[in-house]
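Protein chains in written order, with the numbering used here: chain A, 89 to 366; chain B, 935 to 1470.
We treat Cβ as the ideally placed atom computed from N, Cα and C, and that holds for glycine.
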């Protein structure tokens, strides 16, 4: 079954491209420091060297002589870490809220959906800024803040799936066999509700990476960690004289976000039976 | 930090750049003024009020000084020159100061300006409300007004610094008839000032601009040359750069352009640089230690940190050479009292490591000794970059620095109210006289939790306190110089504050912007003598 899925997935060229980009970025994050070792904050050379100007710093240096290639490698790790963990946080909260609401309905549902609406009515990014500003800006608080603001769509999605699935025959059958609520939710309904959640999860990762970059750009990133947003924020004043300082991490963000989007769409096509039948 | 030879070349280039631009300050001076035209000006941040008498933020002074005037002004060498006062004399015992006031000067609403206005502002504003006026005029016991154009101050003790504080920024004169009997801090004229200056306040559109118009009845006959001034508030640094390039703005004052963009304004046929406008403020950027922190309470640790920071490289890297390395608490521009003859801390990592060893903080197997928190506010990039520079420097002697960069209000609260920091980075204006500008950060009696820009290091040295208090009332100039020299030597030995860089405030303008003379307090110049030369 998984093999068939993979085949279906790879038939989609865009999705395959997304996967390739992603594998490359993962490789850079995992292995990049062998090629570009050292502290990304180290002021290693003359400031504002252009890419290719000196091969000791192939991608150039920023305003304070920090090597951009080293910064990009560090940024890849930070971005992927924050993207994955915050998407996981949002998935866990979203699934829990959506599953409970959709399964039990009634006042639990009403209460959980009011909470969801509360989060949905406040602009996500503004809420993330407020959360990070209240706590100390750090990788942990940024991850937490992004996770906290991005779960409502997942909750909505899971809830609607649960509302549909809980009436289906296989669920009724399992219930009549005497299965408890927890087992029903976890072993019967959830696996069938997961495919769209996985798609949303991939998109959430992309969104989380963008949000982290935006936070760092505004100076709300972890001042001790070099992320792509940090490099862009630092180089912003210089966008006229040295566009590459903003441009290179910008390209990295575009690529990764694109990769996760393509992946998400590919998964959607592969997992959605209605589309597969076409 | 490994520095390749290329880098050394870069440093030289930056030094040459700084030198050539310093000489280009004179480019602003012109002859044969052309009247007419409106000057478009950009400043770093929109002011919160327009009365320098109650609030000393420099952005307020940059605008208000065109409307409000002081008794005197300063020339390029910071010597006092007449403004509202035509003449002044200090009595032989230093205990009286008399001013002759200019006659037939009118407020913008048509009322006459007299000594009563000066007396009122001195007693009700400078002595009671003004942040450093309180200290500057503390010795003024009584005021005598023999006639409407003369005022005599009687002092309880000599106050040799007093004449340094009565320009449009340090002590602007307010109209008595509009302020008497009102709540001065909340007086509506604070945001629509009535002054005696060359420009009349017209409108303030919040978030956009302030418009000033020519005062046709100005007491300097024939001036001002300009028809008006438009102060434009452009929040984004890159946009301010483009505005000057496109001609939308004629002058960018008070380092409104980031140092990293100044390379784009090197063409002397198109732009003028002025680096002396802020000499009066005599600003020093510094890192202050919290002496209540366990490690930092030890003088040897503070000295080790001083030895570990290469301030030459900091100046080149963060300030791109626009400034000087600071050698002590009194800036070099305060030539009367400045001395370089104090303990200096050139980059010396071995010495630093040795001092830390002596203090009992040996390096562990990984080379680490201990950690410190370094806080600075997020609003000014040169300080966040300085903080990053210090973090890298201290890593090399095994001190692991955690950067904390909150918003400005949180920064002020944590440093001056909660004292919740280990090291903080910022800058302070030291002003022309050490008694008022420098004493406040070392004086035991100025350890005042909750008041910004006071002694928040917790440093207390009774011997230094005595010297500073003596210098504040010493009438003999030679003795006072000696006292202030000893003061500089003591604090450079104890380093409660590590003085880093004397940055310059840079004004960049189109070459069409001209003035008859440069001023050391040019940020607060009235611009009566400024004009826009016709386009070629």
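Apart from sequence neighbours up to five positions away, the residues of its chain that approach residue 129 (chain A) with a beta-carbon distance below 7 Å are 154 and 314, ordered along the chain.
The count of Cβ pairs closer than 8 Å, one atom from the stretch 1219 to 1230 of chain B and one from the stretch 1439 to 1459 of chain B, stays below three, leaving the stretches out of contact. In terms of Cβ geometry, residue 350 (chain A) and residue 109 (chain A) form a close pair [threshold 9 Å]. Around residue 1195 (chain B), the same chain offers 1175 as residues with beta carbons nearer than 6 Å, after the five sequence neighbours per side are excluded.
In the three-state reduction of the DSSP assignment, residue 1320 (chain B) falls in the helix class.
Residues of chain A with a Cβ closer than 7 Å to the Cβ of residue 1319 (chain B) are, in chain order, 152. Between the stretch 1090 to 1106 of chain B and the stretch 983 to 999 of chain B there are three or more inter-stretch CB-CB distances shorter than 8 Å, so the stretches are counted as touching. Here residue 1364 (chain B) is buried, its C-beta having at least 16 other C-beta atoms within 10 Å.
Within the stretch 220 to 239 of chain A, the residues whose Cβ lies closer than 8 Å to any Cβ of chain B are, in chain order, 221, 224 and 225. For the pair residue 131 (chain A) and residue 1172 (chain B), the Cα-to-Cα distance works out to about 24 Å. Going by beta carbons, residue 1333 (chain B) and residue 1306 (chain B) fall inside the 9 Å limit.
Between the alpha carbons of residue 118 (chain A) and residue 324 (chain A) lies a distance of about 28 Å.
Residue nearest to residue 1330 (chain B) within the set B:1343, B:1301, B:1255 and B:1232 is B:1301 (criterion: CA-CA distance).
Counted as a single uninterrupted DSSP element, the alpha helix (DSSP H) harbouring residue 1399 (chain B) occupies residues 1396 to 1406.
Distance from the CA of residue 246 (chain A) to the CA of residue 187 (chain A), rounded to the nearest whole angstrom, comes to 6 Å. Rounded to whole angstroms, the separation of the alpha carbons of residue 1177 (chain B) and residue 1131 (chain B) is 28 Å. Residue environment: residue 220 (chain A) is assigned as buried (16 or more neighbouring CB atoms within 10 Å of its CB, all protein chains considered). Listed by position along chain A, the residues whose Cβ is nearer than 8 Å to that of residue 1168 (chain B) form an empty set, because the closest Cβ is around 13 Å away. For residue 1334 (chain B), the enclosing beta strand (DSSP E) begins and ends at 1333 to 1338.
Apart from sequence neighbours up to five positions away, the residues of its chain that approach residue 1098 (chain B) with a beta-carbon distance below 6 Å are 1366 and 1367, ordered along the chain.
For the stretch 117 to 138 of chain A, the set of residues with a beta-carbon nearer than 9 Å to any beta-carbon of chain B comprises 127, 129, 130, 131, 132, 133, 134, 135, 136 and 137, in chain order. Sequence-distant Cβ neighbours of residue 1220 (chain B) in its own chain, meaning closer than 8 Å and more than five residues away, are 1260, 1359, 1360, 1361, 1362, 1431, 1432, 1433 and 1434. Residue 1444 (chain B) has B:1205 as its beta-bridge partners, per DSSP. Among the residues of chain B, those whose CB is under 7 Å from the CB of residue 312 (chain A) are 1336 and 1337, following chain order.
Inclusion of residue 328 (chain A) and residue 1200 (chain B) in the CB contact set at 9 Å is not warranted, their separation being larger than that value.
Taking the Cα positions, residue 1241 (chain B) is about 5 Å away from residue 1281 (chain B). As computed with DSSP, residue 1362 (chain B) is found in a beta bridge with B:1218. Between residue 335 (chain A) and chain B, the shortest Cβ-Cβ separation is not below 9 Å.
If you ignore the 5 residues before and after residue 1124 (chain B), its C-beta comes within less than 7 Å of the C-beta of 983, 984, 985 and 988, all in its own chain and listed in chain order. Beta-bridge annotation (DSSP): residue 154 (chain A) is paired with A:131. The beta-carbon separation of residue 1378 (chain B) and residue 1399 (chain B), rounded to 5 Å, stays under the 8 Å limit for a contact.
Residue 1077 (chain B) sits in a strand when the DSSP states are folded into three classes. Under the 9 Å criterion on CB atoms, residue 218 (chain A) is classed as non-interfacial with respect to chain B. Per DSSP, the continuous beta strand (DSSP E) segment holding residue 975 (chain B) begins and ends at 972 to 977. Within the same chain, 1417, 1420 and 1421 come within 7 Å of residue 1401 (chain B) by CB-CB distance, once the 5 residues on both sides are set aside.
For residue 227 (chain A), the three-state secondary structure derived from DSSP is helix.
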